[in-house]
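Position one of the sequence shown corresponds to residue 195 (the working numbering), numbered consecutively onward. Idealized CB from N, CA, C, for every residue including glycine.
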Amino acid sequence: MTLRTSAPILDNTPMHGQAPATSQAEIAARLDRLPATRTIWKFVVLLSFGFFFELYDVLYSGYVAPGLVKSGILTSGANGLFATNSVASFIAALFAGLFSGTIGCGFLADRFGRRTIFTYSLLFYSGANLIMAFQTGAAGLDFWRFVSGIGLGVEMVTIGTYLSELVPKRIRGRAFACEQAIGFASVPIAALLSYLLLPRNPLGLDGWRWVVIIGANSALFVWFIRRQLPESPRWLAQHGRLAEADGVLSKIESTVAHEYRSALPVPSRTEYSIRGAVFRDMWAGPYGKRSIMMIVFHVFQTVGFYGFGNWVPTLLIQQGVTVTSSLMYSFIIAIAAPIGPMIGLFIADKFERKTVIMAASALIAVFGLVFSQVSSAVLLIAMGVALTLANNTLSFSFHAYQTELFPTQIRATAVGFVYSWSRFSAIFTSFLIASTLNAFGTTGVFLFIAGSMAVVILSIGLMGPRTHDLGLETVSQ
């Protein structure tokens, strides 16, 4: 791929009789010059609602686990490492599905379009969750959790790719921060619903089933969201559908210009070749180094993120907190989940992305080690909140970063492949955390997490390119 920049071209604000776009580069330049008006942020919010339902479904596992044990479907322990009737198997089934969806199906959004796959993957995992809610045995429960995980994996890749291509370069970081803030609002909601419903049996159904059914109702909103979102003009142009890309973008420009109440900024000229892509393109030129970097990153960042998030109540109990109090502390800590990305709305586009990732990783290590050494309620909650903020700052930063590293024609495929390694790692992380906790206590767990964060810092620091305020096409050269 060759890329060249030159003097600005004429403003492409749509007008009657205007000639259609003639290149993918022109489409990209017109998108990147758009002001961040109400319409642009509406796209961000609608995609964020999709992410909300997705995270709700991913993260309710730990909260409904006591209900599954209470109902007799699963056991809290296991008769063997991979016993299928344990809570660990239920969590592992989800991440096995997420791994399969991201590594095996990430290419779907590159082939069939961002809007189409965003819609149907959401319907797919919502349907699988609805079926799962009525299972009465461990095998059926694990199977449908695995199936829903496949759809969730595809959706997670698609949303990030879709979002990065729709928004102008100046607000990419804030757009991902907004997505994560709305998405992580699902964490305290899942915790609260579980707290209210698990002890009860509304209409004769176990409370845990209602928590799952409520999430599955996301399908009711999908067609509304779909009607409000355009297909990615970048994707259309990359597939040679320039007339469609021009039509979609012209409508966006017309609305944005009306909201901006002024002539749109002049786009710059960017030229590069458009060609088909295959999986091996991930390993050509600079992309091979980036792919390896992100695989290493995802294998180890999962230890910090899920090593704390999925084990908060257990870690608190290990620190001397009672079971009842640990659940209350966990809910208070969960409330902080969307606050980290909300802070990102103010800082995400002011600092280099890789720098924020490295700083958040260092803070996870430090706050975790302090957490392991304190026992007072105030300090435990404070460190738990601090860990949550650092984890979620890391999350919104790397979600934006990984979509910036690869060109449009392989973006979803590449992001799906590298991201899948976090899901593969998560399958085994819970078992590793459990073993470390039993052998070395909370201090051992957070030493393990700190070591993993050190690998994250080194991989991003030594191998990661800068992406701050650069167009997607510029980063891809």
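query: Given 8 Å as the limit, is there contact between the stretch 526-541 and the stretch 621-639, that is, 3 or more CB pairs closer than that?; result: no
query: Just the Cα atoms here: how many angstroms apart are residue 230 and residue 425?; result: 18 Å
query: Below 8 Å on the Cβ atoms is my guess for residue 590 versus residue 384; work out the distance and round it to an integer in Å.; result: Contact doesn't hold; Cβ gap of about 19 Å is too wide.
query: Over the uninterrupted alpha helix (DSSP H) stretch that includes residue 363, give me the two end residues.; result: Here residue 363 belongs to no alpha helix (DSSP H), and DSSP marks it neither H nor E.
query: In terms of alpha-carbon separation, which member of 609, 622, 647 and 662 lies closest to residue 296?; result: 609
query: Can you have a look at residue 396 and say buried or exposed, based on whether 16 or more other CB atoms are within 10 angstroms of its CB?; result: exposed
query: Does the separation of the CB atoms of residue 341 and residue 291 fall below 8 Å?; result: yes
query: Which residues mark the beginning and the end of the alpha helix (DSSP H) in which residue 593 is found?; result: 571-598
query: DSSP has residue 269 in a bridge; who is on the other side?; result: 280
query: For residue 378, which option in 537, 621 and 564 has the closest C-alpha, if you only look at C-alpha atoms?; result: 537
query: Helix, strand or coil: which one does DSSP assign to residue 341?; result: helix
query: Work out the CA separation of residue 366 and residue 585 for me, nearest whole Å.; result: 19 Å
query: For residue 401, which residues in the same chain have their Cβ closer than 6 Å to its Cβ, ignoring the five residues on either side in sequence?; result: 261, 391, 392 and 394
query: So, residue 650 versus residue 555, is the Cβ gap smaller than 8 Å?; result: yes
query: By Cβ distance below 7 Å, which residues in the same chain neighbour residue 251 in space, the five residues on each side in sequence not counted?; result: 319, 323, 342, 346 and 409
query: Helix, strand or coil for residue 392? Go by DSSP, reduced to three states.; result: coil
query: Just to confirm my understanding: we take residue 578, look at its own chain, exclude 5 residues before and 5 after, and list those with CB closer than 6 Å. What are they?; result: 527
query: If you check the beta carbons only, do residue 593 and residue 354 fall under 8 Å apart?; result: yes
query: Which residue from 596, 582, 599 and 663 puts its Cα closest to that of residue 382?; result: 582
query: Below 8 Å between beta carbons: does that hold for residue 159 and residue 406?; result: One cannot answer for residue 159 here, as it falls past the ends of the chain, which runs 195 to 671.
query: Taking the CB atoms as reference points, tell me whether residue 289 and residue 349 lie closer together than 8 Å.; result: no
query: In or out: residue 540 buried (at least 16 other Cβ within 10 Å) or exposed?; result: exposed
query: Whole alpha helix (DSSP H) runs in the stretch 406-461 with 4 or more residues, listed along the chain?; result: 413-422, 427-432 and 436-454
query: Rounded to the nearest angstrom, what separates residue 344 and residue 237 at their Cα positions?; result: 25 Å
query: Once the 5 residues before and after residue 420 are set aside, which same chain residues still bring their CB inside 6 Å of it?; result: 313
query: Please name the residue in 380, 574, 223 and 368 whose C-alpha comes closest to that of residue 246.; result: 380
query: So for residue 658, helix, strand or coil by DSSP?; result: coil
query: Evaluate residue 220 with the Cβ neighbour count: other Cβ atoms within 10 Å of its Cβ, from every protein chain shown; 16 or more gives buried, anything less gives exposed.; result: buried
query: By the 10 Å Cβ neighbour count, where 16 or more other Cβ atoms means buried, how is residue 352 classified, buried or exposed?; result: buried
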